Amino acid sequence: MRNPAKRCTNTVMSKTDLPQTDILCIGSVLWDIIGRTDRSMRVGSDVPGRIVRVPGGVAMNIAMALARFGLTPDLLTAIGRDPAGEELIDAAAVRGIGTAHVYRSEDLPTDAYMAVEGANGLIAAIADAHSLEAAGDKILRPLRDGRLGSAEAPYSGRIALDGNLTTQLLREIAVSPFFAEADLRVAPASPGKAERLLPLLNHPRATLYVNLEEATILGHASYASSSEAAQALIGKGAHRVLVTDGGKDATMARDGLTLTHTPPEVLVARVTGAGDTFMAAHIAAEVNGASEEEALINALDAAALYVSGDTPL
Numbered sequence: 012m013r014n015p016a017k018r019c020t021n022t023v024m025s026k027t028d029l030p031q032t033d034i035l036c037i038g039s040v041l042w043d044i045i046g047r048t049d050r051s052m053r054v055g056s057d058v059p060g061r062i063v064r065v066p067g068g069v070a071m072n073i074a075m076a077l078a079r080f081g082l083t084p085d086l087l088t089a090i091g092r093d094p095a096g097e098e099l100i101d102a103a104a105v106r107g108i109g110t111a112h113v114y115r116s117e118d119l120p121t122d123a124y125m126a127v128e129g130a131n132g133l134i135a136a137i138a139d140a141h142s143l144e145a146a147g148d149k150i151l152r153p154l155r156d157g158r159l160g161s162a163e164a165p166y167s168g169r170i171a172l173d174g175n176l177t178t179q180l181l182r183e184i185a186v187s188p189f190f191a192e193a194d195l196r197v198a199p200a201s202p203g204k205a206e207r208l209l210p211l212l213n214h215p216r217a218t219l220y221v222n223l224e225e226a227t228i229l230g231h232a233s234y235a236s237s238s239e240a241a242q243a244l245i246g247k248g249a250h251r252v253l254v255t256d257g258g259k260d261a262t263m264a265r266d267g268l269t270l271t272h273t274p275p276e277v278l279v280a281r282v283t284g285a286g287d288t289f290m291a292a293h294i295a296a297e298v299n300g301a302s303e304e305e306a307l308i309n310a311l312d313a314a315a316l317y318v319s320g321d322t323p324l
């Protein structure tokens, strides 16, 4: 992070004194262990392929994509002081991602994620984000103690927030004065955790990034398309939503405007991280002054490039 401000116990910092990053990425930062094959798979399949270990987690994936798009993200997360954690901190630094405000635990191990992907998509995955959940609101201290924000001068920049946080912590964030002036960009970690975002559905400054399955969970209804889902979530009080549906149409909706576009057709080489790339590309486009329609198109193009395997990790 650039020029972090030191905490002062006798002086209340004004909003102009507080350091501002391009965007804070709050949530899971871990190691992805991913097995990939170019063959279709089913339960019990045993096929040749490649196994990679790369930095991952929703917050990290978004941060890496934002850095590729020229922004300077900072992480708020929990990372252990074990060898895996030290490697992860180094990996973030190499990619231009700030870690000055990361909560480093002596007794919590660095989290991990394991997935198997075939030509027919994600076969199975296990996310071990127990350390992030155990750390709880400790990861948010910089937004309260004056380093990034305070009750008197809440952080007013962009925040990418992921659904790997506990339901209780997300409920607190939804009504917290420390997040009252932030431009919140929210993504579920997976369909299984989408319902955790319900407290943020009606947040007046939140943009939700979900796929069609996640929109169905949030809306407690079945939707035939991204457009139907996006308009339904706006009807339920969402400020703005973007709904994707794999290679089918994607939709951005807010009160009074609905935009739908189809992503480019590509051969699928990987799927883990595609949604995070879409979200990061959309944010970066808006930061650089793109219109809402241009930002949606840019995000779809970037996600298509990513799943084709042509974007570096």
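Be aware that the sequence shown starts at 12, since it is given in our numbering, and climbs by one per residue. Beta carbons are placed, not taken as given, at the ideal position from N, Cα and C, and that holds for glycine. Computed from a predicted structure; not experimentally measured.
Check whether residue i and residue j have beta carbons under 8 Å apart
i	j	result
tyrosine 114	glycine 67	no
glycine 147	threonine 177	yes
valine 254	valine 318	no
phenylalanine 189	leucine 154	yes
alanine 306	proline 275	no
leucine 181	arginine 207	yes
threonine 262	threonine 271	yes
alanine 76	glycine 107	no
aspartate 33	threonine 83	yes
alanine 205	glycine 174	yes
leucine 329	isoleucine 150	No answer is possible for residue 329: it lies beyond the span of the chain, which begins at 12 and ends at 324.
leucine 143	aspartate 122	yes
alanine 89	serine 116	yes
aspartate 312	isoleucine 73	no
arginine 281	glycine 257	no
valine 65	aspartate 43	yes
Simplified DSSP state of residue i, which is helix, strand or coil
i	result
serine 238	helix
glycine 55	coil
proline 6	Since the first residue of the chain shown is 12 and the last is 324, residue 6 is not available in this structure.
serine 25	Its pLDDT being 44, under 50, serine 25 is placed unreliably by the model, and the measurement read from it follows with that caveat. Three-state DSSP puts serine 25 in coil, outside helix and strand.
arginine 358	Outside the modelled stretch of the chain, which goes from 12 to 324, sits residue 358, for which no answer is possible.
alanine 315	helix
isoleucine 108	coil
proline 210	helix
aspartate 321	coil
aspartate 33	coil
valine 40	coil
alanine 198	strand
valine 345	Because the chain here runs from 12 to 324, residue 345 falls outside it and cannot be looked at.
leucine 87	strand
glycine 67	strand
asparagine 309	helix
Neighbourhood of residue i by C-beta distance below 6 Å, restricted to the same chain and skipping five residues each side
i	result
threonine 273	Asp260
methionine 71	Val40
alanine 138	Tyr124
arginine 265	Arg251
glycine 46	Gly60, Ile62, Val127
Close-in-space but distant-in-sequence residues of the same chain around residue i (CB under 7 Å, 5 per side omitted)
i	result
glutamate 297	Ala306
glycine 160	Leu29, Leu154, Tyr166, Phe189
serine 233	Thr227
Close-in-space but distant-in-sequence residues of the same chain around residue i (CB under 8 Å, 5 per side omitted)
i	result
alanine 162	Arg155, Pro188, Phe189
### Query
Counting Cβ pairs closer than 8 Å, one from the region 52-67 and one from the region 82-97, do we hit at least three?
no
### Runs of alpha helix (DSSP H) lying entirely within the region 215-296, each at least 4 residues, in chain order
223-230, 237-246
### Query
Can you list, in chain order, the stretches of the beta strand (DSSP E) that have 3 or more residues and sit fully within the region 115-181?
123-129, 132-139, 169-173
### Task
Mind the definition here: the region 48-57 touches the region 118-136 only if three or more C-beta pairs lie below 8 Å; say whether that holds.
yes
### Message
Tell me whether the region 183-200 and the region 215-232 touch, counting them as touching only if at least three CB pairs, one residue from each stretch, are closer than 8 Å.
### Response
yes
### Query
Counting Cβ pairs, one atom from each stretch, are 3 or more of them under 8 Å apart for the region 239-254 and the region 33-49?
no
### Query
How do the region 285-302 and the region 233-247 stand: do at least 3 beta-carbon pairs fall below 8 Å, yes or no?
no
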